[in-house]
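Colleague:
Protein chains in written order, with our numbering: chain A, 1 to 164; chain B, 1001 to 1191.
Here it is as structure tokens:
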């Protein structure tokens, strides 16, 4: 399990963070992914690739978390300052760059439908085949391919607009 | 899988292949999709959520919230069971101490009988009749103690022996008195 965490932990957490957009949720669910994988390790033999197996668990947990997520409250400036996760990064420039990159990523992902996000992120983080992606999403292969294509077209269009 | 699906799958597999390079041998459609894919990859890398980012501030502790809840429930259950067992034990000890504690001496006063039968001493048993001895011993010694059983048995035996001795001595006395009476009658010449 330690080897799985070392080899696949970043991919699992990255997938969860991209889907959930909240580091605390991503950390929480990433731990649960590995707990579930450990509990179901006897069934793993039939599943094939480890990262694919872990990302399937992560995808299911992320969907459950999004479904149960309560409407987010709007905080005042003071309230946000109180609740904002503390960062130990000492470099304010790097922090600003990081925040901007995160904002751009979230803006790009926001243009995709949830299922397009899942298809592209499963492909990116797990290198899953499209058959595996379709199986994870519980949809036909054609549907998964169509979502991937449309998602890439949206991202291409956004890139072209940014370059203008 | 029909031909169109197969062609689309191959196209997308090339467009989303690992790496950051744009291959020269891609057709226009694949290149266009590849650009979108590379844009997404760049955004993910810049946001430091790429799969090869080190986990510097993240550690897995194999105890998620659900397990923590179960652990708390199990601990509470175990604690309540311990408390229940302790209370039961304390109640039993109190009950036992009530039974074992010596009560105030109960004496028959002014010829009034005691409400409850007392344990009867062997001497008293010996002076009673056979039936009384057995009934008083049986009534007075009701608790379960092997030593008491032995005392009871000895008391019963003593009562039997003494009763027989009295019977025997009474019988011998009667014979002796009969023989004396016969001797007296012979001496008087009345016989």
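C-beta atoms are modelled at their ideal positions from N, C-alpha and C, and glycine is treated no differently. Since this is a predicted model, take the numbers as computed values, not measurements.
Classify residue 106(A): buried if its beta carbon has 16 or more other beta carbons within 10 angstroms, exposed otherwise.
Modeller: Here the question's residue 106(A) lines up with position 106 in the first chain. It counts as exposed.
Colleague: Which two residues bound the contiguous alpha helix (DSSP H) that contains residue 63(A)?
Modeller: The residue labelled residue 63(A) in the question sits at position 63 within the first chain. Unbroken alpha helix (DSSP H) run through residue 63(A): 50–68.
Colleague: Using the beta-carbon of each residue, which ones in chain A are nearer than 7 Å to residue 1037(B)?
Modeller: Numbered from 1 along the second chain, position 37 holds the residue referred to as residue 1037(B). Residues of chain A passing the Cβ test: 152.
Colleague: On the three-state DSSP scale, how would you describe residue 1023(B)?
Modeller: Reading the second chain from its first residue, position 23 is the one you call residue 1023(B). Residue state, collapsed to three classes: coil.
Colleague: Under 9 Å Cβ-Cβ, which residues of chain B neighbour residue 149(A)?
Modeller: Locating residue 149(A) in the first chain gives position 149, counting from the first residue. Under the 9 Å cutoff, chain B gives 1008, 1011, 1012, 1015 and 1033.
Colleague: For the stretch 94–114 of chain A against the stretch 23–42 of chain A, do three or more pairs of beta-carbon atoms, one drawn from each stretch, fall closer than 8 Å, so that the two count as touching?
Modeller: Because the criterion of three Cβ pairs below 8 Å is not met, the stretch 94–114 of chain A and the stretch 23–42 of chain A do not touch.
Colleague: Would you check if the stretch 1073–1083 of chain B and the stretch 1023–1035 of chain B touch, i.e. whether three or more CB-CB distances between them fall below 8 Å?
Modeller: These segments do not touch.
Colleague: So which residues on chain B does residue 102(A) lean against when the C-beta distance must stay under 7 Å?
Modeller: Your numbering for residue 102(A) matches position 102 in the first chain. Within chain B, the residues near residue 102(A) are 1047.
Colleague: Closest to residue 114(A) by CA distance: which of 13(A), 21(A) and 5(A) is it?
Modeller: Looking up residue 114(A) in the first chain gives position 114. Residue 21(A) is the option with its Cα nearest to residue 114(A).
Colleague: Does DSSP classify residue 1048(B) as helix, strand or coil?
Modeller: On the second chain, residue 1048(B) is found 48 positions in, with the first residue counted as 1. The answer is coil: DSSP assigns residue 1048(B) none of H, G, I, E or B.
Colleague: Determine whether the beta carbon atoms of residue 136(A) and residue 56(A) lie at a separation below 7 Å.
Modeller: Locating residue 136(A) in the first chain gives position 136, where the first residue counts as 1. Locating residue 56(A) in the first chain gives position 56, where the first residue counts as 1. Cβ distance < 7 Å, so residue 136(A) and residue 56(A) count as in contact.
Colleague: Could you run through the stretch 119–143 of chain A and flag, in chain order, every residue whose CB is less than 9 Å away from some CB of chain B?
Modeller: Of all residues in the stretch 119–143 of chain A, 120, 121, 123, 124, 125, 126, 127, 129, 130, 131, 141 and 142 have a Cβ within less than 9 Å of some Cβ in chain B.
Colleague: Quick one: what does DSSP say residue 175(A) is sitting in, helix, strand or coil?
Modeller: The structure shown has nothing for residue 175(A), since chain A only spans 1 to 164.
Colleague: Tell me, please, whether the stretch 117–126 of chain A touches the stretch 52–69 of chain A by the rule of three or more beta-carbon pairs shorter than 8 Å.
Modeller: Taking 8 Å as the limit for Cβ pairs, the verdict is that the stretch 52–69 of chain A does touch the stretch 117–126 of chain A.
Colleague: On the criterion of 16 or more Cβ atoms from any shown chain inside 10 Å, does residue 1091(B) qualify as buried, or is it exposed?
Modeller: Along the second chain, one-based indexing puts residue 1091(B) at 91. Under this definition residue 1091(B) is an exposed residue.
Colleague: Taking 7 Å as the CB-CB cut-off, is residue 1040(B) touching chain A?
Modeller: As a working mapping, residue 1040(B) is identified with position 40 in the second chain. Yes, its Cβ sits closer than 7 Å to a Cβ of chain A.
Colleague: Let me make sure I understand the geometry here. Which of 1040(B), 1152(B), 1027(B) and 1069(B) has the alpha-carbon closest to that of residue 18(A)?
Modeller: For the purposes of this step, residue 18(A) is taken as the residue at position 18 of the first chain. It is 1040(B).
Colleague: Would DSSP call residue 1002(B) helix, strand or coil?
Modeller: By one-based count along the second chain, residue 1002(B) stands at place 2. In this structure, residue 1002(B) counts as coil in the three-state DSSP scheme.
Colleague: Less than 7 Å between the beta carbons of residue 51(A) and residue 138(A), yes or no?
Modeller: Locating residue 51(A) in the first chain gives position 51, counting from the first residue. Locating residue 138(A) in the first chain gives position 138, counting from the first residue. Not a contact, by the Cβ cut-off of 7 Å.
Colleague: Count the other CB atoms within 10 Å of the CB of residue 1186(B); is the residue buried (16 or more) or exposed (fewer)?
Modeller: Position 186 of the second chain, counted from the start, is the residue given in the question as residue 1186(B). It is exposed - the Cβ of residue 1186(B) has fewer than 16 other Cβ atoms within 10 Å.
Colleague: Could you tell me how far apart the beta carbons of residue 65(A) and residue 25(A) are, in whole angstroms, since I believe they sit closer than 8 Å?
Modeller: In the first chain, the residue the question calls residue 65(A) occupies position 65. In the first chain, the residue the question calls residue 25(A) occupies position 25. Confirmed, about 6 Å.
Colleague: Within this structure, are the beta carbons of residue 1008(B) and residue 104(A) separated by less than 7 Å?
Modeller: Within the second chain, the letter at position 8 stands for residue 1008(B). Within the first chain, the letter at position 104 stands for residue 104(A). Contact: no.
Colleague: According to the neighbour-count rule (16 or more other Cβ atoms, all chains shown, within 10 Å of its Cβ), is residue 1072(B) buried or exposed?
Modeller: As a working note, residue 1072(B) is residue 72 in the second chain. Label assigned to residue 1072(B): exposed.
Colleague: Determine the contact status of residue 123(A) and residue 1016(B), defining contact as a CB-CB distance below 7 Å.
Modeller: Indexing the first chain from 1 puts residue 123(A) at position 123. Indexing the second chain from 1 puts residue 1016(B) at position 16. Their beta carbons are under 7 Å apart, which means residue 123(A) touches residue 1016(B) by this criterion.
Colleague: Measure from the C-beta of residue 1094(B) to each C-beta in chain A and report whether the shortest distance is under 7 Å.
Modeller: Here residue 1094(B) refers to the residue found at position 94 when the second chain is read from its first residue. No, because no Cβ of chain A sits closer than 7 Å to the Cβ of residue 1094(B).
Colleague: Mind pulling the chain B residues with CB within less than 9 Å of residue 58(A)?
Modeller: Looking up residue 58(A) in the first chain gives position 58. The contacting residues do not exist; residue 58(A) stays about 12 Å from chain B at best.
Colleague: For residue 1038(B) and residue 1013(B), what's the separation of their Cα atoms in angstroms?
Modeller: Position 38 of the second chain, counted from the start, is the residue given in the question as residue 1038(B). Position 13 of the second chain, counted from the start, is the residue given in the question as residue 1013(B). Those two C-alpha atoms are separated by around 13 Å.
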